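Here's the structure we're looking at; comments come further down.
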DNA sequence: TATTGTTATACTCTATAACTATA
DNA sequence: TATAGTTATAGAGTATAACAATA
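Protein chains in written order, with my numbering: chain A, 77 to 226; chain B, 77 to 226.
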C-alpha cells in the first residue's frame, strides 16, 4: 500500500511528503538513540562538542540550533551521567565552558555506531545517487529557508 | 554561511540533514497555517475530510496518521469554529460521523492558497527536476520505513 | 470515543549574576 | 566610583505533537 492512498491531495504537496517522511526518520533515529540513553539533541550536542572542542553554552546552542534556554536541561542530563563537564570561564564568570569527557566520547562512538547501522537500514531503499541527491537538496532547502529569514 | 559549518560531522549524515531541513519547512508551514487559525494536523484533517467525504473518527485518524486519542481535541477545535460537524452514526451509536461544513471548505480553500504561496517560495531554490526527485525519494523513504515495521 | 498523563521539542518570559561603557 | 545597559545562564510556563493506559 503506497502512502498517497492515505491522503491523495496532501501527498501532492512536496512539503507535506517531505515532512512526513522526515518525521518518521526522526522517530527511528530517536528510538535508536534511546537505546544508549540519549535524546537526539543530546547526541547532536556531544557530536558538536567532540568536533569543536570545549565551548560556551551559547555558542554550543547556536551551533546545534537549540534554544539557549533549552540547552540547560540537555546539558544537565549529560553532566549528571558524566558525559560532559561544566566549568566557569575564569575570563568571564557568567560563562560555562562545556567539555566532553572520555565517557562522553565513548558513548558518542557507541551511538554513532548505532546510527550508522540504523541509517544504512533506513536508506537501503535508496541508491547511492539518490542519497547524494537527497542530502544536496535538503541542504539547499535548509540554507534557503535560513536566507529567507526563518 | 552554509549549514555544514555548524556541525560538520552531523551534516554528513543524510538522515540528520534530511530531518533538519524538514523540521524547518514544517515550522514555516505551521506559521503559515496559524494565520488562518489552523494547526497543521487540523489542515490535514480538513483536507482529508474534503476529499473522502464524511467518515468515522477512527478511519479519519488512520488516514491522517494521528493518534485516535489525539484526534478528539483537533476535532473539538474544528467543530467549535463550525468547520466540521459530528453526528452519531445511527447504525452504530458509539461512532461519530465527521463531516466538513461549507465554512470548513472555505477555510480549506483559503489555507490551501496560503500553503501554495508559501510552498512556491520555500521550494523556489529547487528546480522542477529536484522537486520531483525530492518527492519521489521522500515517498520511497516513507513507504520503506513503513514496510520495515516502524 | 474520550480522557488523562508522559515525553520531546520549541518558544516566551523572567530572574540572577557578571560583564561593559560611560558620566 | 556609580550608574545604566548588555550578556550568559537558569528557570518557569506554554504549545504542538506523538504515544500509552484506561474509562
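Backbone N, C-alpha and C fix where the C-beta goes; we use that ideal spot for every residue, glycine too.
All of these numbers come straight from a predicted model, not from anything done at the bench.
Nearest neighbour of residue i, chosen from the options [CA to CA]
i	options	result
residue 120 of chain B	B:133, B:140, B:155, B:127	B:140
residue 210 of chain B	A:95, A:104, A:85	A:95
residue 186 of chain A	A:160, A:102, A:111	A:111
residue 153 of chain A	A:118, A:167, A:105	A:118
residue 170 of chain A	A:134, A:218, A:103	A:134
residue 181 of chain B	B:155, B:93, B:103, B:106	B:155
residue 125 of chain B	B:151, B:212, B:109	B:151
residue 195 of chain A	B:200, B:104, B:220	B:220
residue 158 of chain A	A:145, A:113, A:199	A:113
residue 188 of chain A	A:200, A:199, A:105	A:105
residue 102 of chain B	A:199, A:93, A:193	A:93
residue 109 of chain A	A:193, A:199, A:200	A:193
Contact belief for residue i with residue j at Cβ below 8 Å, rounded distance in angstroms
i	j	result
residue 89 of chain B	residue 86 of chain A	Incorrect: roughly 27 Å between the Cβ atoms, too far for contact.
residue 143 of chain B	residue 137 of chain B	7 Å
residue 207 of chain B	residue 202 of chain A	Contact flag wrong, Cβ pair sits at about 17 Å.
residue 175 of chain B	residue 130 of chain B	4 Å
residue 160 of chain A	residue 132 of chain A	With a Cβ gap of about 13 Å, residue 160 of chain A and residue 132 of chain A do not count as contacting.
residue 184 of chain B	residue 122 of chain B	5 Å
residue 218 of chain B	residue 212 of chain A	Not a contact, Cβ separation roughly 20 Å.
residue 84 of chain A	residue 107 of chain B	Not quite, the Cβ-Cβ distance comes to about 25 Å (not below 8 Å), so this is no contact.
Exposed unless 16 or more other CB atoms sit within 10 angstroms - verdict on residue i
i	result
residue 79 of chain B	At residue 79 of chain B, the pLDDT of 45 sits below 50, so the modelled position is not reliable; the number obtained from the coordinates is stated separately. Buried, by the Cβ-count rule.
residue 205 of chain B	exposed
residue 179 of chain B	exposed
residue 91 of chain B	buried
residue 164 of chain A	exposed
residue 97 of chain B	buried
residue 226 of chain A	Residue confidence is low: residue 226 of chain A scores 45 on pLDDT, short of 50, so the model does not pin down where it sits. Its coordinate-derived value is still stated next. Counting Cβ neighbours within 10 Å, residue 226 of chain A comes out exposed, since fewer than 16 surround it.
residue 77 of chain B	Residue placement at residue 77 of chain B is flagged as unreliable, the pLDDT there being 40, under the threshold of 50; a coordinate-derived value is accordingly withheld.
residue 214 of chain B	buried
Review point. Residue ranges of each alpha helix (DSSP H) run of no fewer than 4 residues wholly in the stretch 135 to 173 of chain A, ordered along the chain?
Key: As far as the stretch 135 to 173 of chain A is concerned, its whole alpha helix (DSSP H) runs of at least 4 residues are 147 to 156.
Review point. Of all the residues that make up the stretch 109 to 135 of chain A, which are near chain B by a beta-carbon distance shorter than 7 Å?
Key: In summary, the residues of the stretch 109 to 135 of chain A whose CB is separated from some CB of chain B by less than 7 Å are 120, 123, 124, 127, in the order they occur in the chain.
**Study point:** Where the stretch 169 to 188 of chain B meets chain A: residues whose CB sits under 8 Å from a CB there
**Key:** Cβ contacts with chain A: none found.
Point to revise | Residues within the stretch 97 to 108 of chain A neighbouring chain B, beta-carbon criterion of under 9 Å | key: Taking 9 Å as the Cβ-Cβ cut-off against chain B, the residues of the stretch 97 to 108 of chain A that qualify are 97, 98, 99, 100, 101, 102, 103, 104, 105, 107.
Check your understanding: Which residues, in order along the stretch 211 to 222 of chain A, keep a beta-carbon less than 7 Å from a beta-carbon of chain B?
Key -> Residues 211, 213, 214, 215, 216, 217, 218, 219, 220, 221.
Review point. Closer than 7 Å, Cβ to any Cβ of chain A: which residues of the stretch 144 to 160 of chain B, in chain order?
Key: Those would be none; no residue qualifies.
Check your understanding: What residues from the stretch 82 to 95 of chain A come within 9 Å of chain B, judged by C-beta to C-beta, listed N to C?
Key -> For the stretch 82 to 95 of chain A, which is checked against every Cβ of chain B, the residues closer than 9 Å are 82, 83, 84, 85, 86, 87, 88, 89, 90, 91, 92, 93, 94, 95.
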